[in-house]
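A quick write-up on the structure given underneath.
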Amino acid sequence: MDDHSASPKQATKEDVIVGLRIQTLRKSRGLSQTALGIAIGVSFQQIQKYEIGANRVGAGRLSDIARVLGAPVSVFFEEGDAAAAQEKTEVFDLLRVPGAVDLLNAFITIEDDRLRREVLALVRSAARMEQDQGA
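Count the sequence shown with my numbering and you get residues 5 to 139, in order.
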């Protein structure tokens, strides 16, 4: 049985990808599962099930989620040429690293360009120190 013949209620690999992207975008917008659920008319438990890929997200519901998160529906899917799809996947993988979204949200609030460069240099230095300790 391939993914295309799965029953409508059975989640697939694509459902897991969509769920992870919903979760990443929700967190990047600073929304709780409860807040997103209220905005689209479902419980936070349903949002949890969508995010882990346990439940499929219907087209209408996905459209509602995209609207609330301020993103095009296409952001939830692998599409375009292979390079573009791979790049999108890599970006979402980076954003799922614990603290990545918080770091980016804090970073973009820094208005001074010099201070931004200094923060970036500090983070890069910390990464090099960790790599050197592991080597």
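Glycine included, each C-beta is placed from N, C-alpha and C at the ideal position.
Inset, instruction - Just tell me which of A104, A130, D116 and V20 has its CA closest to the CA of N59. - result: Within the sequence shown, residue 59 is the residue found at index 55, counting from 1. Comparing Cα-Cα distances from N59 to each of A104, A130, D116 and V20, the minimum goes to V20.
Legend entry - Contact between the segment 104-112 and the segment 62-71 (3+ Cβ pairs under 8 angstroms): Verdict: no, contact absent.
Inset, instruction - Use the C-beta contact count for T38: other C-beta atoms within 10 angstroms, 16 or more gives buried, fewer gives exposed. - result: The sequence position of residue 38 within the sequence shown is 34, counting from 1. Answer is exposed; the Cβ neighbour count stays below 16.
Legend entry - Cα-Cα separation between T93 and E82, rounded to whole angstroms: Counting from 1 along the sequence shown, the entry for residue 93 is found at position 89. Counting from 1 along the sequence shown, the entry for residue 82 is found at position 78. So the alpha carbons of these two residues sit roughly 8 angstroms apart.
Legend entry - Straight-line gap, E122 to V46 (C-alpha atoms, nearest Å): As a working mapping, residue 122 is identified with position 118 in the sequence shown. As a working mapping, residue 46 is identified with position 42 in the sequence shown. Distance between the alpha carbons of E122 and V46 is about 43 angstroms.
Inset, instruction - State buried or exposed for G138, treating a residue as buried only when at least 16 other CB atoms are found within 10 Å of its CB. - result: Your numbering for residue 138 matches position 134 in the sequence shown. With fewer than 16 other Cβ atoms within 10 Å, it is exposed.
Inset, instruction - Pick helix, strand or coil for F81, following the three-state DSSP scheme. - result: Stepping through the sequence shown from its first residue, residue 81 is reached at position 77. Here F81 sits in coil by DSSP.
Inset, instruction - Give me the Cα-Cα distance between M5 and K17, rounded to the nearest whole angstrom. - result: As a working note, residue 5 is residue 1 in the sequence shown. As a working note, residue 17 is residue 13 in the sequence shown. For M5, the pLDDT reaches just 43, beneath the cut-off of 50, and the residue's location in the model is therefore unreliable, leaving the point undetermined.
Legend entry - Where Q14 falls, given that 16 or more other Cβ within 10 Å makes a residue buried: The residue labelled residue 14 in the question sits at position 10 within the sequence shown. Q14 is exposed by the Cβ-count criterion.
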